[in-house]
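Novice:
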């Protein structure tokens, strides 16, 4: 019996000593791995509700720990009625989002550039805040092609070729409505950016381009 | 371990040296551009370059077909008078029924070239001089090979040093062991010669045979080995328990080998350009294919996979099939996190949590995303009240105690994230 106690003590001491050798910084040194690690409480990790970016289409997934009555596994969270079982869908056709920013959807189609250029008016008040916001948005969404100063010399231009110089030629004389329509739908080689920027943001960029970039060039 | 490390490292270094030698050799010879067209006036070429930048570059390049045709050798294809007329009013030339102009117009999808009546004949001539000069230069052939592709940054400097010391220690210890064994056998032989003179108990020791089997079977040996084994196993379990639910370093293979290093690093495309939700909602969003196509409708070949990688994007776009990207950062459903709250209101940089994404070929989870990691940041970070009237009075009230931390504003409340 005494031996057993002795061994237990030795065993405990050894365990403590060995455990204390854990590298304190080990989280910073974790290697790259391609498979995810074990989860601690899987049925609290996976969303039962539809998630926009987490989609498990396998109906069997998580069947082994089902806590609900459905026939599908605990982790299955795709919408079987949508195309590709996707969880996201476009809003129903001919509906308008009720929002606070006061914009109705922009209905002019791509080929209405001339009409847009003649009729559209910038609904925003041009003040320092608008220009400043416009500058931030321009830097994020435009500068990599059109360049910080709008000269069409952004880094992407090395591969893309044919980016418009905003400070000369026809773009310089373009109306705000023209620029707004081109941001929305694209023109020539430029793609449509209407899905990335809402109308207010697009008008802010237009304000910055017209009031700052194109005027700064004229002053020089 | 360390020995193989050292060998590996030196092998990689050698390989790199070898590679760099290969890459640097041919480029030395070819880098010098061939001299421009003989007799071109440098001032005129410079003026032409300026005008080209300002007026033509949007649609034309010298060597490549862009929106309009490549302009190299345009002076050989058409007389200068024709060029001047076309630049002044291209539609007039086409309407006049000039066969070359009409063919060109049809070839480029009936895209009208803008008229430039403001350019004088001299200015157009200088642009042509610039094109002749530029056309004489050699083009860089394709993208440069990725020499710095090997991830070398992880190698530690002190690693080699301690490795050498370890090897030295091992050599010394082995030498000591060999000497001890030699010493023992010499002693034994010496004592055996004088066996008769020894006492009975001493004689037993000298003639003793070392019985390995007996030692292995002995209780003491077995228990020591057992204890060490169980301790090591327990330690391994203990250590691995820390990784449960922590996916730091997770870098799944994506269906399309998208490189953040190229897009965000080299081309400096802002994170927000593709991850449009980051200032507006809970999710930063994975871009839909129409955003890829903003550039890849034109750029169809990449530096690493040529056309293969981008073809996958274009195919998926044309066949209207979503790409099944593998999600890297999986916050458990039991915790709520909102990107807009942190990025828009808090003004936190993307790389604070996601690391240097712009240097990652394959995206890797940089932060542990554990609760301790969240809480720690909430304790250390001050509330960002810049240009935010909502916080004005609150920050003024707390200004005596130093900056107001997120933790003091409810950042440690359970229900802030768990509800």
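Chains as they are written, first to last, in my numbering: chain A, 1494 to 1713; chain B, 366 to 784. Note that beta-carbon positions come from the ideal geometry of N, C-alpha and C, so glycine has one too.
For residue 667 (chain B), list the residues DSSP reports as bridge partners.
Specialist: Taking the first residue of the second chain as 1, we reach residue 667 (chain B) at position 302. Per DSSP, B:671.
Novice: Closer than 9 Å, Cβ to any Cβ of chain D: which residues of the stretch 598 to 623 of chain B, in chain order?
Specialist: Given the protein chain composition of this structure (A and B), no chain D is represented.
Novice: Ends of the alpha helix (DSSP H) at residue 659 (chain B)?
Specialist: Looking up residue 659 (chain B) in the second chain gives position 294. First-last of the alpha helix (DSSP H) with residue 659 (chain B): 654 to 661.
Novice: Could you name the residues of the same chain whose beta carbon sits closer than 8 Å to that of residue 403 (chain B), not counting the 5 residues immediately before and after it, in chain order?
Specialist: Here the question's residue 403 (chain B) lines up with position 38 in the second chain. Only weak support is given to the placement of residue 403 (chain B): the predicted model assigns it a pLDDT of 44, under 50, and the question is left unresolved by the model.
Novice: Closest to residue 419 (chain B) by CA distance: which of B:435, B:484, B:453 is it?
Specialist: Here the question's residue 419 (chain B) lines up with position 54 in the second chain. Ranking the options by Cα distance to residue 419 (chain B), first place goes to B:484.
Novice: Since I believe residue 617 (chain B) is in contact with residue 1527 (chain A) (beta carbons under 8 Å), could you give me their beta-carbon distance rounded to a whole number of angstroms?
Specialist: Within the first chain, residue 1527 (chain A) is the residue found at index 34, counting from 1. Within the second chain, residue 617 (chain B) is the residue found at index 252, counting from 1. Rounded, the Cβ-Cβ distance is 6 Å, consistent with contact.
Novice: Leaving out the 5 sequence neighbours to the left and right, which residues in its chain are closer than 7 Å to residue 1651 (chain A) when beta-carbon positions are compared?
Specialist: Translated into the one-based positions of the first chain, residue 1651 (chain A) becomes position 158. Hits under 7 Å: none found.
Novice: Flag residue 1530 (chain A) as yes if its beta-carbon sits less than 8 Å from any beta-carbon of chain B, otherwise no.
Specialist: Taking the first residue of the first chain as 1, we reach residue 1530 (chain A) at position 37. It does: the Cβ of residue 1530 (chain A) has a partner Cβ on chain B nearer than 8 Å.
Novice: With 8 Å set as the bound, which would you pick, yes or no: does the beta-carbon of residue 1502 (chain A) sit closer than that to a beta-carbon of chain B?
Specialist: The residue you call residue 1502 (chain A) lines up with position 9 of the first chain. False, the Cβ-Cβ gap to chain B never drops below 8 Å.
Novice: Mind checking residue 1524 (chain A): buried by the 16 CB within 10 Å criterion, or exposed?
Specialist: Mapped onto the first chain, residue 1524 (chain A) falls at position 31. Result: exposed.
Novice: Output needed for residue 431 (chain B): all residues of its chain with C-beta closer than 8 Å, excluding positions within five of it in sequence on either side, in chain order.
Specialist: Position 66 of the second chain holds residue 431 (chain B). Taken in chain order, the residues that qualify are 424, 425.
Novice: I'd like to know whether the C-beta atoms of residue 1657 (chain A) and residue 1645 (chain A) end up nearer to each other than 8 Å.
Specialist: As a working mapping, residue 1657 (chain A) is identified with position 164 in the first chain. As a working mapping, residue 1645 (chain A) is identified with position 152 in the first chain. Yes; because the gap between Cβ atoms is below 8 Å, this pair is in contact.
Novice: Could you tell me the distance, in whole angstroms, from the CA atom of residue 1662 (chain A) to the CA atom of residue 421 (chain B)?
Specialist: In the first chain, residue 1662 (chain A) corresponds to position 169, counting from 1. In the second chain, residue 421 (chain B) corresponds to position 56, counting from 1. For residue 1662 (chain A) and residue 421 (chain B), the distance between alpha carbons rounds to 9 Å.
Novice: Is any beta-carbon of chain B found at less than 8 Å from that of residue 1547 (chain A)?
Specialist: What you label residue 1547 (chain A) is simply residue 54 of the first chain in a count that begins at 1. It does: the Cβ of residue 1547 (chain A) has a partner Cβ on chain B nearer than 8 Å.
Novice: Alpha carbon to alpha carbon, what distance is there between residue 1674 (chain A) and residue 401 (chain B)?
Specialist: Here residue 401 (chain B) refers to the residue found at position 36 when the second chain is read from its first residue. Here residue 1674 (chain A) refers to the residue found at position 181 when the first chain is read from its first residue. Its pLDDT being 40, under 50, residue 401 (chain B) is placed unreliably by the model, and nothing is read from it.
Novice: From this set, A:1545, A:1632, A:1567, which residue's C-alpha is nearest residue 1488 (chain A)'s C-alpha?
Specialist: Given a span of 1494 to 1713 for chain A in the structure shown, any question on residue 1488 (chain A) remains unanswerable.
Novice: Say whether chain B places a C-beta atom closer than 8 Å to the C-beta of residue 1702 (chain A).
Specialist: Residue numbering aside, residue 1702 (chain A) sits at position 209 when the first chain is read from its first letter. No, no contact with chain B.
Novice: Taking DSSP as the reference, what is the three-state secondary structure of residue 770 (chain B)?
Specialist: Residue 770 (chain B) sits at position 405 when you count from the first residue of the second chain. Three-state result, residue 770 (chain B): strand.
Novice: If you measure beta-carbon to beta-carbon, which residues of the stretch 690 to 706 of chain B are closer than 8 Å to chain A?
Specialist: 692, 695, 697, 698, 699
Novice: Just the chain A side, please: which residues come within less than 8 Å of residue 658 (chain B) by C-beta, in chain order?
Specialist: To locate residue 658 (chain B), count along the second chain from 1; it is residue 293. Under the 8 Å cutoff, chain A gives 1684.
Novice: Would you mind stating whether residue 1670 (chain A) and residue 1611 (chain A) have Cβ atoms separated by less than 8 Å?
Specialist: Stepping through the first chain from its first residue, residue 1670 (chain A) is reached at position 177. Stepping through the first chain from its first residue, residue 1611 (chain A) is reached at position 118. A contact, by the Cβ cut-off of 8 Å.
Novice: So residue 744 (chain B) contacts chain A; which residues on that side make the cut at Cβ distance below 7 Å?
Specialist: The residue labelled residue 744 (chain B) in the question sits at position 379 within the second chain. Those within 7 Å of residue 744 (chain B) in chain A number zero; the least Cβ separation is about 18 Å.
Novice: According to DSSP, is residue 743 (chain B) helix, strand or coil?
Specialist: Sequence index remark: in the second chain, residue 743 (chain B) carries index 378 (1-based). Per DSSP, reduced to three states, the secondary structure at residue 743 (chain B) is helical.
Novice: When you compare the CB of residue 641 (chain B) with every CB in chain A, is at least one pair closer than 8 Å?
Specialist: Start at 1 with the first residue of the second chain, and residue 641 (chain B) comes out as number 276. Yes, because at least one Cβ of chain A sits closer than 8 Å to the Cβ of residue 641 (chain B).
Novice: If you follow the alpha helix (DSSP H) that residue 499 (chain B) is part of, which residue opens it and which one closes it?
Specialist: Looking up residue 499 (chain B) in the second chain gives position 134. Start and end: 486 to 501.
Novice: Could you work out which residues of chain B lie near residue 1707 (chain A), taking near to mean beta carbons separated by less than 8 Å?
Specialist: Indexing the first chain from 1 puts residue 1707 (chain A) at position 214. Ordered by position in chain B, no residue passes the 8 Å Cβ test against residue 1707 (chain A), which lies about 13 Å from the chain.
Novice: Just to confirm my understanding: we take residue 581 (chain B), look at its own chain, exclude 5 residues before and 5 after, and list those with CB closer than 6 Å. What are they?
Specialist: In the second chain, the residue the question calls residue 581 (chain B) occupies position 216. So the list is empty, once near-sequence residues are dropped.
Novice: Report yes or no: is there a C-beta of chain A within less than 8 Å of the C-beta of residue 588 (chain B)?
Specialist: Position 223 of the second chain, counting from 1, holds the residue named residue 588 (chain B). Yes, residue 588 (chain B) counts as interfacial toward chain A.
Novice: Give a yes or no on whether 8 Å exceeds the smallest Cβ distance from residue 448 (chain B) to chain A.
Specialist: For the purposes of this step, residue 448 (chain B) is taken as the residue at position 83 of the second chain. Not an interface residue.
Novice: Just to make sure I have the definition right: I need the residues of chain A whose C-beta is within less than 8 Å of the C-beta of residue 432 (chain B). Which are they?
Specialist: If you number the second chain from 1, residue 432 (chain B) lands on position 67. Neighbours of residue 432 (chain B) on chain A, chain order: 1655, 1681, 1682.
Novice: Which residues, taken in chain order from the stretch 1637 to 1650 of chain A, show a beta carbon closer than 7 Å to some beta carbon of chain B?
Specialist: 1637, 1645, 1648, 1649
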